[in-house]
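Shown next, in C-alpha cells, is the structure this report addresses.
In the working numbering, the protein residues as written are 6 to 383.
Quick look at the structure:
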C-alpha cells in the first residue's frame, strides 16, 4: 500500500467561498473599522444570540482568554475540581487566576469528568467545578448539576469542542452557570481564532465587557483592571460566513464518523469511542479511537509513527495528562486517575474534516488494519 501523495492531517479548517470573504473585506476596507466593537462584530453577535436563543453571550479573541476572564469575572477562587484529560489551556486558565486545580478521574465511555469522583473531592475550599465536554461529548450534565446545587458551587463547562452540540434538542450552552466555546481554526466552527462565553447570569455581561477591554467603563472611567481580549472585524467576518455553512459541515463530518466506525468495528484491538447517544446531536469534532496494544499487536505510539510513514498525521489527544506536565507536577493529585492514565496511553484521534474524502477514510482504515494483521506475527 502506497503512502498518500499529499499529507492527510488530523484536521483542516473549513473555509467559506473566497468571493464571499472578499466581499466582506471590501466592507471592512470601506468602513476602515478594524476592531473595537465594529459593525460586523455587532452583526455576528446578533447571529449568535439567535443561534443560542439568549442575549447572555460575550465574544473574545480566543478561547483561552475567554475562560480566564470568565473565572475572574465570576469571582472564582480557592480550589476548582477539574479533569487532567484536556487541553492545557483549561488548567492554564485556573493558574492565571491563582486558583488551585484539583484533578479527578474521568469516566471510561466518553472520557468526561466522573461525577462520583467530583463529589468525593469537594472541600470547604471548593468554589467551582470546571468540566470539559471532551471531543464534544457532553458531560454527565444531570449528575454534575445536582452536585453543584447541593454543595453550592459554580458549574463551569469548557465547551471548546462542543459548538453546535445539543442534548435533548437543547443547546449544550444552556447547562451549568457558564460555557466557553473555542473558535480556533481546528474546530468545526471557527473565526480563525476566537472564543465565546454563554452564561446564565445576565449581570456578568457588563463585567466581561469591562475585563476584555482594559477595564474601561466609558471614555474616562476604568472600572477594574482588565486586558485586551476583543474580537476584531476580520475574525467576526469569518464567523458570520462559517456559521452559514455549519449544518453542511457537521453533516459531512457525520458521514466520515459513520464510515470510520463501520470500517474499524471489526478490527481487533481498535475501539472507537463508545456508541453515540441517541439523545445528543453531535458536531463530530474529533474521531478518537483506543488502541489495545495486546490485541492490536502494536502500541498506540507505534501506530502513530507508522501512519506518518503513509503521510497520515494523527494526534494523541490528550497525552500526557495535564498533571504530568512539568509545570503541574507539584499540584496535589489525591485521585489515582486510573481511567485517565489508561486512556492517555492508548488514545489516538484520526483525521476528520469536512473536505476529507470517504475514499481516503477507507484507505486510512485499510492501512490501520494492515498493521494489525502484521502485528500478530511480530
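Where is the CB? At the ideal position from N, CA and C, for every residue including glycine. Since the model is a prediction, treat every value here as computed from it, not as a measurement.
For residue i, does the three-state DSSP call read helix, strand or coil?
i           : result
residue 103 : coil
residue 356 : coil
residue 232 : coil
residue 54  : helix
residue 84  : strand
residue 171 : strand
residue 223 : coil
residue 162 : strand
residue 369 : helix
residue 382 : A caution first: residue 382 carries a pLDDT of 48, below 50, which makes its placement in the model unreliable, though a value can still be read off. Here residue 382 sits in coil by DSSP.
residue 293 : strand
residue 9   : coil
residue 375 : helix
residue 63  : strand
Can you give me the Cβ contacts of residue i inside the same chain, cut-off strictly under 8 Å, excluding the 5 residues immediately before and after it?
i           : result
residue 102 : 73, 76, 77, 81 and 82
residue 65  : 71, 74, 199, 200, 201, 202, 217, 234, 235 and 236
residue 13  : 316, 317, 318, 356, 361, 365 and 369
residue 207 : 60 and 61
residue 270 : 277
Between the C-alpha atoms of residue i and residue j, what's the straight-line distance to the nearest angstrom?
i           : j           : result
residue 48  : residue 28  : 15 Å
residue 224 : residue 215 : 12 Å
residue 154 : residue 52  : 32 Å
residue 131 : residue 157 : 9 Å
residue 298 : residue 213 : 47 Å
residue 92  : residue 187 : 12 Å
residue 382 : residue 6   : Any reading at residue 382 needs caution, since the residue's pLDDT is 48, under 50, leaving its predicted position unreliable; the model's value is listed next. If I take the Cα positions, the gap works out to 19 Å.
How should residue i be labelled, buried or exposed, when 16 other C-beta atoms within 10 angstroms of its C-beta is the threshold for buried?
i           : result
residue 143 : buried
residue 237 : buried
residue 16  : buried
residue 67  : buried
residue 330 : exposed
residue 128 : exposed
residue 175 : exposed
residue 147 : exposed
residue 229 : exposed
Looking only at its own chain, which residues have a Cβ that is under 6 Å from the Cβ of residue i, when we skip the five neighbours before and after it?
i           : result
residue 266 : 277
residue 9   : 316
residue 322 : 354
residue 172 : 143 and 285
residue 145 : 120
Only counting the same chain, and skipping five residues up and downstream in sequence, which positions put a Cβ closer than 7 Å to that of residue i?
i           : result
residue 272 : 373, 374 and 377
residue 325 : 349
residue 43  : 238
residue 98  : 69, 72, 73 and 76
Closer than 7 Å to a non-hydrogen atom of the ligand COA - does that hold for the CB of residue i?
i           : result
residue 137 : Summarising the ligand content, the structure contains no ligands, and the ligand COA is consequently not present.
Sufficient close CB pairs (3 or more, under 8 Å) joining the region 155-162 to the region 305-323: With a cut-off of 8 Å, the region 305-323 and the region 155-162 do not count as touching, because too few Cβ pairs lie within range.
Inter-stretch contact at 8 Å, needing at least 3 Cβ pairs: the region 112-119 / the region 339-352: Touching, yes, given that three or more Cβ pairs across the two stretches are closer than 8 Å.
Segment contact, 8 Å Cβ cut-off, at least three pairs: the region 360-374 with the region 120-136: With the rule of 3 Cβ pairs closer than 8 Å, the region 360-374 does not count as touching the region 120-136.
Meets three-Cβ-pair contact criterion under 8 Å: the region 280-290 and the region 83-100: These segments do not touch.
contact_flag[the region 30-48, the region 256-265] where n(CB pairs < 8 Å) is 3 or more: Output reads no: the region 256-265 does not touch the region 30-48.
contact_flag[the region 93-110, the region 248-256] where n(CB pairs < 8 Å) is 3 or more: No, the region 93-110 does not touch the region 248-256.
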